[in-house]
Structures are given as C-alpha cells and as structure tokens.
Amino acid sequence: MTAALCSAVLPVNLLADLGYPVLSMETLIIVTGLGITGALIGAMLASSFLYAYFLSLVVYFYLEIYFLSWTATQIVISFVILLALTLLLRLTDTKLLPYILAFAVAFSLSAVLKPDIPVIVGSGPDPQLPTSQDQSILHIVMDEMASPYQSEYPPAAGHPAEGLLDYLVEQGFHVDANAYSVAAETVRSLSAIVALNPENTGYQAFHPGAVIANSVAENLYAKSLLEAGYEVFILQSSYLDYCQELESVHCLTYSRTGHINEISSAGLGERIKLAYLLVHEAMTSSTRSGVLLYALGVSLTGSSNPVLDFSVPLISHDLMQGEVLEQVSSIKPGEAYFVHLLLPHFPYVFGPDCEHLPIAKWGYPVRHAPAVSPIESYKSYWDQVACAEKLLSRIINATAGIEYLTTIIHGDHGARIMWQTENDSRDDDLKTLIAVRSSHVDPGLSSKPVILQNSVISYLKQLIE
Ligand SMILES: [Zn+2]
Numbered sequence: 136m137t138a139a140l141c142s143a144v145l146p147v148n149l150l151a152d153l154g155y156p157v158l159s160m161e162t163l164i165i166v167t168g169l170g171i172t173g174a175l176i177g178a179m180l181a182s183s184f185l186y187a188y189f190l191s192l193v194v195y196f197y198l199e200i201y202f203l204s205w206t207a208t209q210i211v212i213s214f215v216i217l218l219a220l221t222l223l224l225r226l227t228d229t230k231l232l233p234y235i236l237a238f239a240v241a242f243s244l245s246a247v248l249k250p251d252i253p254v255i256v257g258s259g260p261d262p263q264l265p266t267s268q269d270q271s272i273l274h275i276v277m278d279e280m281a282s283p284y285q286s287e288y289p290p291a292a293g294h295p296a297e298g299l300l301d302y303l304v305e306q307g308f309h310v311d312a313n314a315y316s317v318a319a320e321t322v323r324s325l326s327a328i329v330a331l332n333p334e335n336t337g338y339q340a341f342h343p344g345a346v347i348a349n350s351v352a353e354n355l356y357a358k359s360l361l362e363a364g365y366e367v368f369i370l371q372s373s374y375l376d377y378c379q380e381l382e383s384v385h386c387l388t389y390s391r392t393g394h395i396n397e398i399s400s401a402g403l404g405e406r407i408k409l410a411y412l413l414v415h416e417a418m419t420s421s422t423r424s425g426v427l428l429y430a431l432g433v434s435l436t437g438s439s440n441p442v443l444d445f446s447v448p449l450i451s452h453d454l455m456q457g458e459v460l461e462q463v464s465s466i467k468p469g470e471a472y473f474v475h476l477l478l479p480h481f482p483y484v485f486g487p488d489c490e491h492l493p494i495a496k497w498g499y500p501v502r503h504a505p506a507v508s509p510i511e512s513y514k515s516y517w518d519q520v521a522c523a524e525k526l527l528s529r530i531i532n533a534t535a536g537i538e539y540l541t542t543i544i545h546g547d548h549g550a551r552i553m554w555q556t557e558n559d560s561r562d563d564d565l566k567t568l569i570a571v572r573s574s575h576v577d578p579g580l581s582s583k584p585v586i587l588q589n590s591v592i593s594y595l596k597q598l599i600e
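Under the working numbering, think of the first position of the sequence shown as 136, with each following residue one higher.
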C-alpha cells in the first residue's frame, strides 16, 4: 500500500505541474498503472530486506526531484539521506512506514490543490498606450527554418516545402534565400539580432530548472521600438526571454513543456503515452540519474529517443493557428509584434499537412538519432517545414493588404540535421531565409549570399528610425 502510493504520487505532482488536471484521463490512468506496479513490487519484496531499499529509493526521488537541486553539496546530502533512510527502514523493521504513508498522502493532496497553470503567462500594461507611429511591424522568427535554396538534401520534387520560396514571392515578399546566421545556436543568433549588433552574440543562461532557461543580453530592439513610439508585443517561449522586465512591453511567455492535454487532438491511447513521456522528460531534466521505475515504462510508449522536447513543435503549432493568428489579424498602426516560434524545430512530429505522427515515427536530427541517415532525417524535417509553411500561410493571408504593415519572417540558423556530428557543414548549420513584405520593398527572390543578422538588423533600423 505504501509502496503503491509512493510510486504513484510523484507523477501526479509532475503532471499537475505540466498543466494536467488531477482528474484528467491521462493522470488517472498513468497513476493507476504506476500504483499497481508499485504495489506489485512492494508485495514481491514485502518479506525481504530489499523492500527497505526499494521504498527508500522511491522516497529519495521525491527529495531529489522536488526539494533538492544539483549542487555538489546537495548531491552528497541527498545520498546521506538515502543511506540514512534505508538504514532506518531496516533497523526499525519498517516502523517508519506510517510516516512515509502520511507524507505520500500529504504530497498527493498538494497536487490537487495546485492552481491551474496557464499555457501562456502574460505581463505588461493593460491600457492602450498612445502611439506616435502610423506603421506596424509583424516580426516572426521560425526557429530552425532552413532555406530549400540549393540545399544539399532538398525536399523531394513536388513536395510542398520545395515551393516555399516561390510561394513567399507570390505573396509579395522579397526573399533572401541564401542567408547565413553568424551562429548555429538559437540564443546567440537571436541575441545578436535584438542587440542590433551582429557581433553581440552574448546571452545569459539561467540555472537548470529555472522557469525561463535563457535571456538575451540586451533587447535594444524592443527599447528602440518603444522610443520610436511603438506599442510592443512579444510572444516568446520559456527557452529565451526577450522581455527583460521592460515594463511597457506586452509580454506573453508560453511554456515549452506540458499542456499537451489542451492541444493534442490525438486519441486517448496516444495522449496517455504523451503524458507519460512528459513525466519522463520532467524527471530526466531535473535529475541526472532518472527514475528507473518510470523510465522502464518509456519503451511501452514506442519512443526510442531519450531527448524528446516534443511539446515544443506541438505548442508552437497551436499558437500559430490560435493566439498569433487572432492577434495579428487585427494589428493596428503603431503596433509591433515580435513572435518567436519553435517550429519547424525538432523533433519532427508533424506530417506535411500538420497531421500528428505516431510517436514511433517522429524524426530527429542525426545527433539525437545516430542510427538515422541524414537523408531520412531531412525527409522528416521537410515534412515539418511544409506544416510550418501551411500555418504561416494563414497568417500571411490574414495580414495581406494591410498597407501600413511590414512583415519580417526569418529563421535563426539552418536545419542543423548534422550539427555536432562529423558530417556537419556550414549550409546545414547556418543557412536560412529572410522574407520581408512591405509597401517599400519590391517582391522577388534574391540568391545573393547575405549574413542573416546584418540584413535583418538593417531592415529593423529602417523601421525604428
Ligand atoms: Zn534555434
């Protein structure tokens, strides 16, 4: 009984942290399954001294995941606690059990009492600020968007991603199809852009487990927009902060993890697997050791990859057809939107029509799936690009014909399929595209090699000054 409760309450809490209601089908089924597994292991070991080890290990993971972070001292302290707990359990002939049971009950109650966590957290001023601008800006960063122009591994003939550049030109964009980022890392590439200086690739990384993972060094771009009289809206992920507590900026931050319950249209079986994988991810990101009891279940979901982060493209997909589309469709003069979407970023979980792929068919860059060839990986990648193109087209259509609007769409680096492997190349790491639509820019396709940061910053400066 104690073992059953102890095995089940940790995932209840993790799922609650990831946005799952305690009474959702996902939570109930996963918790029941783990509770039964814990009870079985507990019953099997009940008459043996090994029971003390099993139970103290499960309790230890509570402490490790919820109450300790990984500084060197705390690792030592947590192991001392583990040893002490095991010894106490053995010596007291499990008289400690009622206390552990009480702790488990109290801990599971805390999951029920947790406030709902919204998918997007917002801050910024409520009333409309007076603006002095008569133009507006829609600036969208598509993370990991490569250019299909002269790609070493191009989309297959007739594949929707093959027509991406022509599509953008048809829609009135000037497209730089041969743009190279100064850095293959998101944080460096985009920090330089908002610093309005291609050489300023510095950024700030927060401690592991922080709500927001990184921050740009200085968002001079947002500050300049404010000074120029724009009302500034930023939609960012919890991976990289651009808002930096700038009080006049309307800042929306979407969580990179969790909330699949609200966005996934997959069937119940698949939803339960996704929720289980999220629990696994939450555990492996907060501890280096992982939790064996739960890790064992991962193989049952059909996933073969320890590096998942799969909620990233799913959430971005949902935002593009919801929040972003809604807000920018009614963009007013004087408003500037900066939107950072983690699409077509890996893993590749969408087919070309944005259909959800089964977990076993998800694609990854080669560094996360060494058994997969670059050709196969690129195939999955272009499918997800086609999905991103489809979502972009809705935004592009909704904002077509707005005279005062300048739209800037670009990637932050290349597809990075072979990045950090022995086959990496400049094109694969860095080549991306820039598309700009404005009444002041002539549509057309340019294949002249340009530096991403130089070109984007020069467009931005024209809009600020
Ligand atoms: Zn990136």
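All residues carry an ideal CB built from backbone N, CA and C; glycine is no exception.
Residues near L223 in its chain [Cβ-Cβ closer than 7 Å; skip 5 each side]: Against the sequence shown, residue 223 aligns to sequence position 88. Cβ within range, chain order: L231.
Nearest-angstrom beta carbon gap, I599 and S359 [assumed within contact, 8 Å]: As a first step, residue 359 must be located in the sequence shown, where it is residue number 224. As a first step, residue 599 must be located in the sequence shown, where it is residue number 464. Their Cβ separation, rounded to whole angstroms, is 5 Å, which keeps S359 and I599 in contact under 8 Å.
Alpha helix (DSSP H) segment containing H385, residue limits: Mapped onto the sequence shown, residue 385 falls at position 250. From DSSP, H385 is part of no alpha helix (DSSP H) but of the beta strand (DSSP E) over 385 to 389.
Alpha-carbon to alpha-carbon, T321 and L370: Against the sequence shown, residue 370 aligns to sequence position 235. Against the sequence shown, residue 321 aligns to sequence position 186. In this structure, the alpha-carbon of L370 lies about 16 Å from that of T321.
Integer-rounded CB distance, given that V351 should sit under 8 Å from Y365: Locating residue 365 in the sequence shown gives position 230, counting from the first residue. Locating residue 351 in the sequence shown gives position 216, counting from the first residue. About 18 Å; that fails the 8 Å criterion.
M455: first and last residue of the uninterrupted alpha helix (DSSP H) it sits in: Stepping through the sequence shown from its first residue, residue 455 is reached at position 320. 446 to 456 is the extent of the alpha helix (DSSP H) around M455.
Separation of Y374 from V689, as counted between CA atoms: Nothing can be reported for residue 689: it is not among the residues displayed for the chain, which extend from 136 to 600.
Three-state secondary structure (DSSP) of T221: To locate residue 221, count along the sequence shown from 1; it is residue 86. T221 falls in the helix class under three-state DSSP.
Beta-carbon proximity list for S271, same chain, < 6 Å, skipping 5 on both sides: Translated into the one-based positions of the sequence shown, residue 271 becomes position 136. Cβ within range, chain order: I466, P468, E470, Y539, L540.
At least 3 beta-carbon pairs within less than 8 Å: the stretch 166 to 178 vs the stretch 139 to 149: Contact holds: three or more Cβ-Cβ distances are below 8 Å.
Alpha-carbon to alpha-carbon, L476 and N349: As a working note, residue 349 is residue 214 in the sequence shown. As a working note, residue 476 is residue 341 in the sequence shown. Cα to Cα, the separation comes out at about 15 Å.
Among S560, P333, G536, N313, nearest to Q285 - alpha-carbon criterion: As a working note, residue 285 is residue 150 in the sequence shown. The shortest Cα separation from Q285 among S560, P333, G536, N313 belongs to N313.
Pairwise C-alpha distance: P493 and I200: Taking the sequence shown and counting its residues from 1, one reaches residue 200 at position 65. Taking the sequence shown and counting its residues from 1, one reaches residue 493 at position 358. Going by the C-alpha atoms only, they are around 29 Å apart.
Inter-stretch contact at 8 Å, needing at least 3 Cβ pairs: the stretch 524 to 534 / the stretch 246 to 259: no
Inter-stretch contact at 8 Å, needing at least 3 Cβ pairs: the stretch 490 to 505 / the stretch 284 to 302: no
Alpha-carbon spacing of C489 relative to R225, whole angstroms: In the sequence shown, the residue the question calls residue 489 occupies position 354. In the sequence shown, the residue the question calls residue 225 occupies position 90. Cα to Cα, C489 sits roughly 55 Å from R225.
Proximity test, E279 beta-carbon vs ligand 1 heavy atom, cut-off 7 Å: By 1-based counting over the sequence shown, the position of residue 279 is 144. Result yes, Cβ under 7 Å from ligand 1.
Check whether H394 and P578 have beta carbons under 8 Å apart: By 1-based counting over the sequence shown, the position of residue 394 is 259. By 1-based counting over the sequence shown, the position of residue 578 is 443. Against a cut-off of 8 Å, the Cβ pair of P578 and H394 comes out as no contact.
Minimum length 3: unbroken beta strand (DSSP E) runs contained in the stretch 244 to 332: Entirely contained in the stretch 244 to 332, the beta strand (DSSP E) runs reaching 3 residues are, in chain order, 255 to 258, 271 to 277, 309 to 315.
Buried/exposed call for R561, threshold 16 Cβ in 10 Å: Position 426 of the sequence shown, counted from the start, is the residue given in the question as residue 561. Counting Cβ neighbours within 10 Å, R561 comes out exposed, since fewer than 16 surround it.
Element boundaries [beta strand (DSSP E), containing N349]: Against the sequence shown, residue 349 aligns to sequence position 214. Counting along the chain, the beta strand (DSSP E) containing N349 begins and ends at 349 to 351.
Continuous alpha helix (DSSP H) stretch holding A187: start and end: In the sequence shown, the residue the question calls residue 187 occupies position 52. Run containing A187: 185 to 197, per the alpha helix (DSSP H) assignment.
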